[in-house]
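Residue numbers (the numbering used here): 1035 to 1595. Every residue gets a Cβ at the ideal spot worked out from N, C-alpha and C, and that includes glycine.
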């Protein structure tokens, strides 16, 4: 071999050796790749993929339109990995105002992302009707099981399908006209007697009190009576003696505490993580739930033991109706807790908001109180002079269920309160299978694709403040908007627009009871008493619980007229 060949061979051998070495360096083993290369590559991918959207959320989906200006969804820019969750948490104390601001800025159908989900805003009657009625089976409440399941178990507000239908059918019988004409009216009038006696005594002392608290005590005992046919140990919480307002009860405190705590979870997709770093939050939730079920479960167990299978409606209350379908005390207790949440806070809060609007200084020139009193007197419902100083209830005449239709103005006051101060101020549903929110040609709104796992949200509080839905005076309290001036009757109105009681298959079961209860309270009190705000400059704000009350309470004094 010549020197040149030897040299070439050596050179070739060296190159081969060098190439082999490079290959060995550039191709790590699977273990090395998983340990050293995959984590940083994954992190880089995550940072790029979720640079302004939430981890686990879907990429933006184009709208079904040929208009390039409307092809891509609008919405507030999100942050790295968290999307819009940080903004939602930061505005927890004013969450409804934040949603209204976003709607005004980005329009119908703006989108948010939170860890694990894409959210589509759907505050429009057409879309509400679509996913709450037309495509009802495509949407549901499964997303609430994690956040609300400990409190509401398999109750009507967290269930779909058979469990939901079973409860709905059973509860529907409890709110039939025959029940309203009989046991419900009797129980309501009995509790009105207590309310009138209490207000008379508060008027005699002139002391200030929280009207919202009084209403909460009244509606709790009325709800207990309708649901269980008993007050159990709560009877002392609402009596004619003003000192009853000083009493505290573990069950009621648990009720009051659970609402904002569970609501906080529903607004924070990272609640499990944050509660790990804030052990007190989990302890508060557990304590509230324990107090609730320590009171409710024994009542259910006692009834199950007393009522044999196949026995129908012994007491004529909601528990007996449920007992015809279910005999597990754990399940029954969850169902009954849902009923109490629906019956207590929503009505108490709404009546309180209504009274605030009637006595607020800014509404003094509207003459609403006088119109209400005139209607009460013209229908023979005034209690102003029907009862003597002995507080005997024998001569009291309360509203009959069938006479509600004659109270046009009181109905309008109630409806306007539900519109502008909806107790159930917002809602959300999860999509179970791919679906499409339809186009709305009248407002040039393109169709929106909704994928399985996406969330659609609405806020009746926001809906009430949209001029496109309710006119330029939408943010004013104007009960006349519901009255037909020619016939002096309530105008027919779509429940997809007037959505405070929900609509479709999930229309509020207690709508008629809440309305009857509220009108009966108004008819019994407005003409008999003068209410006055303790702080005439009070700037009321809403609570951040499962239902929307007055955050500071409604502190008033009362006088006999």
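Exercise. Using the Cα positions of residue 1255 and residue 1431, report the straight-line distance between them to the nearest angstrom.
Key: For the purposes of this step, residue 1255 is taken as residue 221 along the chain shown, with counting starting at 1. For the purposes of this step, residue 1431 is taken as residue 397 along the chain shown, with counting starting at 1. Approximately 21 Å, taken between the alpha carbons.
Self-check item: Distance between residue 1579 and residue 1459 (C-alpha atoms, nearest Å)
Solution: Mapped onto the chain shown, residue 1459 falls at position 425. Mapped onto the chain shown, residue 1579 falls at position 545. One C-alpha to the other measures close to 10 Å.
Quiz item: So residue 1374 packs on residue 1257, CB below 8 Å; how close in whole Å?
Solution: Here the question's residue 1374 lines up with position 340 in the chain shown. Here the question's residue 1257 lines up with position 223 in the chain shown. About 5 Å; that satisfies the 8 Å criterion.
Quiz item: With DSSP run on the structure shown, which of helix, strand or coil describes residue 1176?
Solution: Along the chain shown, read from residue 1 onward, the residue named residue 1176 stands at position 142. In this structure, residue 1176 counts as coil in the three-state DSSP scheme.
Quiz item: Where do the N-terminal and C-terminal ends of the beta strand (DSSP E) with residue 1151 fall, by residue?
Solution: Within the chain shown, the letter at position 117 stands for residue 1151. Looking at the DSSP string, the run of the beta strand (DSSP E) that includes residue 1151 is 1151 to 1155.
Quiz prompt | Alpha-carbon spacing of residue 1232 relative to residue 1457, whole angstroms | solution = For this step, residue 1232 is matched to residue 198 along the chain shown. For this step, residue 1457 is matched to residue 423 along the chain shown. Going by the C-alpha atoms only, they are around 25 Å apart.
Quiz item: Does DSSP classify residue 1056 as helix, strand or coil?
Solution: The residue you call residue 1056 lines up with position 22 of the chain shown. Caution applies to residue 1056, whose pLDDT of 48 falls short of 50 and renders its modelled position unreliable; the model cannot decide the point.
Quiz item: If residue 1226 sits next to residue 1498, beta carbons under 8 Å apart, how far is it from one beta carbon to the other, in whole angstroms?
Solution: Position 192 of the chain shown, counting from 1, holds the residue named residue 1226. Position 464 of the chain shown, counting from 1, holds the residue named residue 1498. Their Cβ separation, rounded to whole angstroms, is 29 Å, which puts residue 1226 and residue 1498 out of contact at 8 Å.
Practice problem: Write down the C-beta distance between residue 1351 and residue 1260 rounded to the nearest angstrom, noting that I regard them as a contact closer than 8 Å. | Solution: Here the question's residue 1351 lines up with position 317 in the chain shown. Here the question's residue 1260 lines up with position 226 in the chain shown. Indeed they touch by this definition, with Cβ atoms about 6 Å apart.
Exercise. Kindly indicate if chain D contains any beta-carbon less than 8 Å away from that of residue 1276.
Key: No chain D appears in this structure, which consists of one protein chain only.
Quiz prompt | Endpoints, alpha helix (DSSP H) assigned at residue 1319 | solution = On the chain shown, residue 1319 is found 285 positions in, with the first residue counted as 1. Run containing residue 1319: 1313 to 1340, per the alpha helix (DSSP H) assignment.
Exercise. Put residue 1508 into one of helix, strand or coil per three-state DSSP.
Key: Against the chain shown, residue 1508 aligns to sequence position 474. It is coil, neither helix nor strand.
Practice problem: Determine, using beta-carbon pairs with one atom in the segment 1289 to 1301 and one in the segment 1571 to 1590, whether at least three such pairs fall under 8 Å. | Solution: yes
Quiz item: What does a CB cutoff of less than 6 Å around residue 1315 pick up in its chain, not counting 5 residues either side in sequence?
Solution: Indexing the chain shown from 1 puts residue 1315 at position 281. Hits under 6 Å: 1309.
Quiz item: residue 1518 by DSSP, collapsed to three states: which one?
Solution: Sequence index remark: in the chain shown, residue 1518 carries index 484 (1-based). Looking at residue 1518 - three-state DSSP - the assignment turns out to be strand.
Quiz item: Whose CA, out of 1381, 1391 and 1332, lies closest to the CA of residue 1370?
Solution: In the chain shown, counting from the first residue as 1, residue 1370 sits at position 336. Here the closest residue by C-alpha is 1332.
Exercise. Starting from residue 1200, trace the alpha helix (DSSP H) both ways and give me its first and last residue.
Key: To locate residue 1200, count along the chain shown from 1; it is residue 166. It spans 1195 to 1208 - the alpha helix (DSSP H) in which residue 1200 sits, taken as one unbroken run.
Quiz item: With distances taken between CB atoms, is the gap from residue 1188 to residue 1365 smaller than 8 Å?
Solution: Against the chain shown, residue 1188 aligns to sequence position 154. Against the chain shown, residue 1365 aligns to sequence position 331. The answer is yes: Cβ separation under 8 Å.
Quiz item: Does the separation of the CB atoms of residue 1496 and residue 1134 fall below 8 Å?
Solution: Locating residue 1496 in the chain shown gives position 462, counting from the first residue. Locating residue 1134 in the chain shown gives position 100, counting from the first residue. It is a contact, given that the beta carbons lie within the stated cut-off.
Exercise. Please classify residue 1535: does DSSP put it in a helix, a strand, or coil?
Key: Taking the chain shown and counting its residues from 1, the one referred to as residue 1535 is at position 501. In the structure shown, residue 1535 sits in coil (DSSP, three-state: anything other than H, G, I, E or B).
Self-check item: Given residue 1264 as reference, the closest of 1279, 1221 and 1250 once Cα atoms are compared
Solution: In the chain shown, counting from the first residue as 1, residue 1264 sits at position 230. Selected option, being the one with the closest Cα: 1221.
Exercise. Return helix, strand or coil for residue 1263, following the three-state DSSP convention.
Key: The residue you call residue 1263 lines up with position 229 of the chain shown. If DSSP states are grouped into helix, strand and coil, residue 1263 belongs with coil.
Exercise. Compute the beta-carbon to beta-carbon distance between residue 1152 and residue 1145, rounded to the nearest angstrom, for a pair I have assumed lies under 8 Å.
Key: Counted from its first residue, the chain shown places residue 1152 at position 118. Counted from its first residue, the chain shown places residue 1145 at position 111. Confirmed, Cβ separation roughly 6 Å.
Self-check item: Check whether residue 1550 and residue 1438 have beta carbons under 8 Å apart
Solution: Taking the first residue of the chain shown as position 1, residue 1550 is located at position 516. Taking the first residue of the chain shown as position 1, residue 1438 is located at position 404. In contact: residue 1550 and residue 1438 (Cβ atoms closer than 8 Å).
Quiz prompt | Test item: CB-CB of residue 1385 and residue 1552 under 8 Å | solution = Mapped onto the chain shown, residue 1385 falls at position 351. Mapped onto the chain shown, residue 1552 falls at position 518. Yes. Within cutoff.
Quiz prompt | Neighbourhood of residue 1539 by C-beta distance below 6 Å, restricted to the same chain and skipping five residues each side | solution = Position 505 of the chain shown, counting from 1, holds the residue named residue 1539. Within the same chain, residue 1539 has close Cβ partners 1170.
Practice problem: Would you mind stating whether residue 1115 and residue 1089 have Cβ atoms separated by less than 8 Å? | Solution: Walking along the chain shown from the start, residue 1115 turns up at place 81. Walking along the chain shown from the start, residue 1089 turns up at place 55. Yes, the Cβ-Cβ distance between residue 1115 and residue 1089 is below 8 Å.
Quiz prompt | Neighbourhood of residue 1112 by C-beta, 6 Å cutoff - its chain only, sequence neighbours within 5 removed | solution = For the purposes of this step, residue 1112 is taken as the residue at position 78 of the chain shown. Here the set comprises 1086, 1087, 1118 and 1147.
Exercise. Would you tell me roughly how many angstroms separate the C-alpha atoms of residue 1278 and residue 1230, rounded to the nearest one?
Key: Here residue 1278 is taken as the residue at index 244 of the chain shown, counted from 1. Here residue 1230 is taken as the residue at index 196 of the chain shown, counted from 1. In a straight line, the C-alpha of residue 1278 is about 14 Å away from that of residue 1230.
Practice problem: Pull up the DSSP beta-bridge partners for residue 1496, would you. | Solution: As a working mapping, residue 1496 is identified with position 462 in the chain shown. Per DSSP, none; premise fails for residue 1496.
Quiz item: Given a threshold of 16 other Cβ atoms within 10 Å of its Cβ, counted over all protein chains shown, does residue 1372 qualify as buried or as exposed?
Solution: For the purposes of this step, residue 1372 is taken as the residue at position 338 of the chain shown. Buried, because 16 or more other Cβ atoms sit within 10 Å of the Cβ of residue 1372.
Quiz item: Skipping 5 residues on each side, what residues in its chain have a beta carbon closer than 8 Å to that of residue 1167?
Solution: Counted from its first residue, the chain shown places residue 1167 at position 133. Only 1537, 1538 and 1539 meet the Cβ criterion.
Quiz item: Residue ranges of each alpha helix (DSSP H) run of no fewer than 4 residues wholly in the segment 1092 to 1163, ordered along the chain?
Solution: 1119 to 1124, 1129 to 1140 and 1159 to 1163
Quiz item: With which residues is residue 1461 paired in a DSSP beta bridge?
Solution: Stepping through the chain shown from its first residue, residue 1461 is reached at position 427. Residue 1461 is bridged to 1492.
Quiz item: If you follow the beta strand (DSSP E) that residue 1273 is part of, which residue opens it and which one closes it?
Solution: Working through the chain shown from its first residue, we reach residue 1273 at position 239. Unbroken run through residue 1273: none, as it is neither H nor E.
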